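J.: Chains as they are written, first to last, in this note's numbering: chain A, 4 to 206; chain B, 4 to 206.
One structure follows; several queries about it will come next.
Protein chains: 2
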Amino acid sequence: MRSRSDVLELAILGLLQDTPMHGYELRKRLNVMLGSFRALSYGSLYPALRSMADRGLITVAGSSEPLPHALSGKRSRNVYELTADGKEHLAEALTSSGPTAWDDEGFDVRFALFAQTDVETRLRILEGRRTRLAERLDQLRTSAARTRERVDEYTLELHRHGLEQVEREVAWLDGLIDRERDSGRTSKRRHPASRRTDGSESS
Amino acid sequence: MRSRSDVLELAILGLLQDTPMHGYELRKRLNVMLGSFRALSYGSLYPALRSMADRGLITVAGSSEPLPHALSGKRSRNVYELTADGKEHLAEALTSSGPTAWDDEGFDVRFALFAQTDVETRLRILEGRRTRLAERLDQLRTSAARTRERVDEYTLELHRHGLEQVEREVAWLDGLIDRERDSGRTSKRRHPASRRTDGSESS
DNA sequence: GTTAGCATGTAAGGAGTTACATGATTTT
DNA sequence: AAAATCATGTAACTCCTTACATGCTAAC
Numbered sequence: 004m005r006s007r008s009d010v011l012e013l014a015i016l017g018l019l020q021d022t023p024m025h026g027y028e029l030r031k032r033l034n035v036m037l038g039s040f041r042a043l044s045y046g047s048l049y050p051a052l053r054s055m056a057d058r059g060l061i062t063v064a065g066s067s068e069p070l071p072h073a074l075s076g077k078r079s080r081n082v083y084e085l086t087a088d089g090k091e092h093l094a095e096a097l098t099s100s101g102p103t104a105w106d107d108e109g110f111d112v113r114f115a116l117f118a119q120t121d122v123e124t125r126l127r128i129l130e131g132r133r134t135r136l137a138e139r140l141d142q143l144r145t146s147a148a149r150t151r152e153r154v155d156e157y158t159l160e161l162h163r164h165g166l167e168q169v170e171r172e173v174a175w176l177d178g179l180i181d182r183e184r185d186s187g188r189t190s191k192r193r194h195p196a197s198r199r200t201d202g203s204e205s206s
Numbered sequence: 004m005r006s007r008s009d010v011l012e013l014a015i016l017g018l019l020q021d022t023p024m025h026g027y028e029l030r031k032r033l034n035v036m037l038g039s040f041r042a043l044s045y046g047s048l049y050p051a052l053r054s055m056a057d058r059g060l061i062t063v064a065g066s067s068e069p070l071p072h073a074l075s076g077k078r079s080r081n082v083y084e085l086t087a088d089g090k091e092h093l094a095e096a097l098t099s100s101g102p103t104a105w106d107d108e109g110f111d112v113r114f115a116l117f118a119q120t121d122v123e124t125r126l127r128i129l130e131g132r133r134t135r136l137a138e139r140l141d142q143l144r145t146s147a148a149r150t151r152e153r154v155d156e157y158t159l160e161l162h163r164h165g166l167e168q169v170e171r172e173v174a175w176l177d178g179l180i181d182r183e184r185d186s187g188r189t190s191k192r193r194h195p196a197s198r199r200t201d202g203s204e205s206s
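Given below as structure tokens:
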């Protein structure tokens, strides 16, 4: 029922599927993943890990019990690892179109995890995000038309620029969708994550 | 001491300088100003207004006393208006380079209030924001160089795109800075807010 | 006269940050 | 052996949203 913090959990699960890790390391990768500004604090991370361990999504190495709330005594690297339940949860979360699936953060995390998904999932996520942005665009254009007369030049310029940024975002998504459709046609359900890194798309 | 919520207060003060208003109306304009997604709730707005009234930045019409915590009995439109203190506070806040001055929200609000400022202030804000974004760019490029090998193609693409968006933001700011410098040269300290609304810049 | 929208507020709680408190390991 | 950095955690606090509760005013 924690609808917003799903994003953090998803990111954690995604990173742990790649490889088991302890919290400190996890945090660094999380910060890269979530956009590098906005450093996630330990005050968020550790309680989240605790909660996930309590729910059986991950295990803590050293004490393989379901973490009975009392630390064994020593205090050192706790290595976290996905359980079968955790993997299932991750797969569901990646596929589902929950309430936080298409907003900025939710999308970024899902996108960063694309290497672990199949073409169908990727396309669903990209298209869902595109739809969401198109709605936003509509909204912005409508509200612009309504308020055209009543606002000063600067406010107008701010809105114009915001609109442009969203338009570019949509164009970017369109490019990605095309690429995925191509790769989907060539090799159904395969991971095409090993393309050239320099990504030379001539428009 | 409320360092983050300065932004909300600044926005309120800015709108009230334009014209006195009651809360409901204020909220609608605030939502346009702050980007239209992310609707500010009454649960944020009214307590903020109360606090600002308590501190003497604004007055409430109908009961011109400093709001002695007990409403008079009736319940209807409370019209808020800036006090001299409030105007001073606003001027300071617009000029100052506080901790929240250059982040996304802080900048947007200050920009939306440009019509009420002079060229010097506008230039300081635009340049401050540009510096902040340039730092971000540096950071992103550095971290990209450090992690180039260790991340998959999708994460890379996400970073590339993020970088591009910030670069565009900087280019936008450069254009605005040029325009302000021109208008500053032509007419020192005058408000050039009465340009053509259709903004035909053929570029 | 009743629905819809205007208008104001409060209480509870979610999500995260800061600041604190502690201990282990590596580097100098 | 001191300093730096790795590593884990908690408590208090902030800011905001949701959901609720209330009453006024215009339209039909």
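For glycine and all other residues, C-beta sits at the position ideal for the given N, C-alpha and C.
These numbers were taken from a predicted model, which means no experiment stands behind them.
#1: Quick check for students: name the residue ranges of the alpha helix (DSSP H) that lie wholly in the stretch 12-36 of chain A, counting only runs of 4 or more.
#2: Just to confirm my understanding: we take ALA115(B), look at its own chain, exclude 5 residues before and 5 after, and list those with CB closer than 6 Å. What are they?
#3: Leaving out five residues on either side along the sequence, give the residues of the same chain with a beta carbon under 8 Å from the beta carbon of ALA96(A).
#4: Could you name the residues of the stretch 77-97 of chain B whose beta carbon sits closer than 8 Å to any beta carbon of chain A, in the order they occur along the chain?
#5: Taking its Cβ as the centre, do 16 or more other Cβ atoms sit within 10 Å of THR145(A), making it buried, or is it exposed?
#6: The beta strand (DSSP E) spanning THR62(B) covers which residue range?
#7: List, in chain order, every chain A residue whose beta-carbon is nearer than 8 Å to that of THR22(B).
#8: Anyone know if the C-beta pair for ARG30(A) and LEU43(A) falls short of 8 Å?
#9: Give the residues of chain B in contact with ALA118(A), contact being defined as C-beta atoms less than 7 Å apart.
#10: Give the interface partners of ALA115(B) over in chain A, defined as CB-CB distance under 8 Å, in chain order.
#11: Does the stretch 55-64 of chain B come into contact with the stretch 85-93 of chain B, if we say contact requires no fewer than three beta-carbon pairs (one atom in each stretch) closer than 8 Å?
#12: Using C-beta distances below 6 Å, list every residue in its chain close to HIS25(B), excluding the 5 sequence neighbours before and after it, in chain order.
#13: Using the three-state DSSP reduction, which class does GLU160(A) fall into: helix, strand or coil?
#14: At the level of alpha carbons, what is the spacing between ILE180(B) and ALA104(A)?
#15: Quick check: is the beta carbon of THR150(A) nearer than 8 Å to any beta carbon in chain B?
#16: Should SER47(A) be flagged as near chain B, meaning a C-beta pair shorter than 8 Å?
#17: Around the Cβ of GLY233(B), are there at least 16 other Cβ atoms within 10 angstroms (buried) or fewer (exposed)?
#18: Taking its Cβ as the centre, do 16 or more other Cβ atoms sit within 10 Å of ARG198(A), making it buried, or is it exposed?
#19: Does DSSP classify GLU152(B) as helix, strand or coil?
#20: Assuming LEU48(A) is part of the alpha helix (DSSP H), what are its boundary residues?
#21: Who does GLU84(B) pair with in a DSSP beta bridge?
#22: Buried or exposed for GLU170(A), going by 16 or more other Cβ atoms inside 10 Å?
#23: How about LEU143(B) and ASP111(A): do their beta carbons lie closer than 8 Å?
#24: Taking HIS25(B) as the query, report the chain A residues whose CB atoms sit under 9 Å from its CB, ordered along the chain.
#25: Over the uninterrupted alpha helix (DSSP H) stretch that includes GLY109(A), give me the two end residues.
#26: With a threshold of 16 other CB atoms inside 10 Å of the CB of TYR27(B), please say whether the residue is buried or exposed.
#27: Would you mind working out which of LEU93(A), ARG149(A), THR189(A) and ARG133(A) sits nearest VAL122(A), comparing C-alpha positions?
#28: Leaving out the 5 sequence neighbours to the left and right, which residues in its chain are closer than 7 Å to THR124(B) when beta-carbon positions are compared?
#29: For ASP21(B), count neighbouring Cβ atoms within 10 angstroms of its own Cβ and tell me buried if that reaches 16, exposed if not.
#30: Residues of chain A with CB under 7 Å from ASP111(B), in chain order?
#31: If you compare alpha carbons, which of LEU159(A), PRO102(A) and GLU152(A) is closest to ARG135(A)?
#32: Hey, does SER146(A) have any beta-carbon neighbour from chain B nearer than 8 Å?
#33: What does the alpha-carbon distance come out to for the pair SER54(A) and ARG113(B)?
#34: Report yes or no: is there a C-beta of chain B within less than 8 Å of the C-beta of GLY17(A)?
T.: Judging by the given coordinates:
#1: 26-36
#2: Locating residue 115(B) in the second sequence gives position 112, where the first residue counts as 1. Taken in chain order, the residues that qualify are MET36.
#3: Indexing the first sequence from 1 puts residue 96(A) at position 93. Only ASP9, GLU12, LEU13 and LEU16 meet the Cβ criterion.
#4: none
#5: Here residue 145(A) refers to the residue found at position 142 when the first sequence is read from its first residue. With fewer than 16 other Cβ atoms within 10 Å, it is exposed.
#6: Residue mapping note: residue 62(B) aligns to position 59 of the second sequence, counting from 1. Residues 61-63.
#7: Within the second sequence, the letter at position 19 stands for residue 22(B). Under the 8 Å cutoff, chain A gives no residues; its nearest Cβ is about 11 Å from THR22(B).
#8: On the first sequence, position 27 is the one that residue 30(A) refers to. On the first sequence, position 40 is the one that residue 43(A) refers to. Their beta carbons are under 8 Å apart, which means ARG30(A) touches LEU43(A) by this criterion.
#9: Taking the first sequence and counting its residues from 1, the one referred to as residue 118(A) is at position 115. Neighbours of ALA118(A) on chain B, chain order: ASP155 and TYR157.
#10: Translated into positions along the second sequence, residue 115(B) becomes position 112. Ordered by position in chain A, the residues that pass the 8 Å Cβ test against ALA115(B) are TYR157, THR158 and LEU161.
#11: By the C-beta criterion, the stretch 55-64 of chain B is judged to be in contact with the stretch 85-93 of chain B, since at least 3 inter-stretch pairs fall below 8 Å.
#12: Taking the second sequence and counting its residues from 1, one reaches residue 25(B) at position 22. If we look at HIS25(B) and ignore the five residues flanking it on each side, its Cβ neighbours are ARG80, ASN81 and VAL82.
#13: Here residue 160(A) corresponds to residue number 157 of the first sequence, with the count starting at 1. Of the three classes helix, strand and coil, the one that applies to GLU160(A) here is helix, per DSSP.
#14: The residue given as residue 180(B) occupies position 177 in the second sequence. The residue given as residue 104(A) occupies position 101 in the first sequence. Their Cα atoms are separated by approximately 37 Å.
#15: Here residue 150(A) refers to the residue found at position 147 when the first sequence is read from its first residue. Chain B, which has a Cβ nearer than 8 Å to the Cβ of THR150(A), makes this yes.
#16: Working through the first sequence from its first residue, we reach residue 47(A) at position 44. Judged by the 8 Å Cβ criterion, SER47(A) is not in contact with chain B.
#17: This structure leaves residue 233(B) out entirely; chain B is present only between 4 and 206.
#18: Numbered from 1 along the first sequence, position 195 holds the residue referred to as residue 198(A). The pLDDT assigned to ARG198(A) is 47, lower than 50, so where the model puts this residue is not dependable; a value taken from the coordinates is nonetheless given after this. By the 16-neighbour rule on beta-carbons within 10 angstroms, ARG198(A) is exposed.
#19: The sequence position of residue 152(B) within the second sequence is 149, counting from 1. Coil, per DSSP.
#20: The residue you call residue 48(A) lines up with position 45 of the first sequence. Per DSSP, LEU48(A) belongs to the alpha helix (DSSP H) from 45-57.
#21: Walking along the second sequence from the start, residue 84(B) turns up at place 81. Partner(s): THR62(B).
#22: The count along the first sequence starts at 1 and reaches residue 170(A) at position 167. Exposed, because fewer than 16 other Cβ atoms sit within 10 Å of the Cβ of GLU170(A).
#23: Along the second sequence, one-based indexing puts residue 143(B) at 140. Along the first sequence, one-based indexing puts residue 111(A) at 108. The Cβ-Cβ distance between LEU143(B) and ASP111(A) does not fall below 8 Å.
#24: Position 22 of the second sequence, counted from the first residue, corresponds to residue 25(B). Residues of chain A with a Cβ closer than 9 Å to the Cβ of HIS25(B) do not exist, since the nearest Cβ in that chain sits about 17 Å away.
#25: Translated into the one-based positions of the first sequence, residue 109(A) becomes position 106. GLY109(A) -> alpha helix (DSSP H) spans 107-115.
#26: If you number the second sequence from 1, residue 27(B) lands on position 24. It counts as exposed.
#27: Indexing the first sequence from 1 puts residue 122(A) at position 119. The residue with the shortest Cα to Cα distance from VAL122(A) is THR189(A).
#28: In the second sequence, the residue the question calls residue 124(B) occupies position 121. Excluding residues within five positions, the ones whose Cβ falls inside 7 Å are LEU97 and THR98.
#29: As a working note, residue 21(B) is residue 18 in the second sequence. Taking all protein chains shown into account, ASP21(B) has fewer than 16 neighbouring C-beta atoms within 10 Å of its C-beta and is therefore exposed.
#30: Within the second sequence, the letter at position 108 stands for residue 111(B). Correct list: LEU161.
#31: By one-based count along the first sequence, residue 135(A) stands at place 132. Looking at the Cα atoms, PRO102(A) is the closest of the given residues.
#32: Taking the first residue of the first sequence as 1, we reach residue 146(A) at position 143. By this cut-off, SER146(A) is an interface position.
#33: Within the first sequence, numbered from 1, the residue matching residue 54(A) stands at position 51. Within the second sequence, numbered from 1, the residue matching residue 113(B) stands at position 110. Computed Cα separation, rounded: 40 Å.
#34: Within the first sequence, numbered from 1, the residue matching residue 17(A) stands at position 14. False, the Cβ-Cβ gap to chain B never drops below 8 Å.
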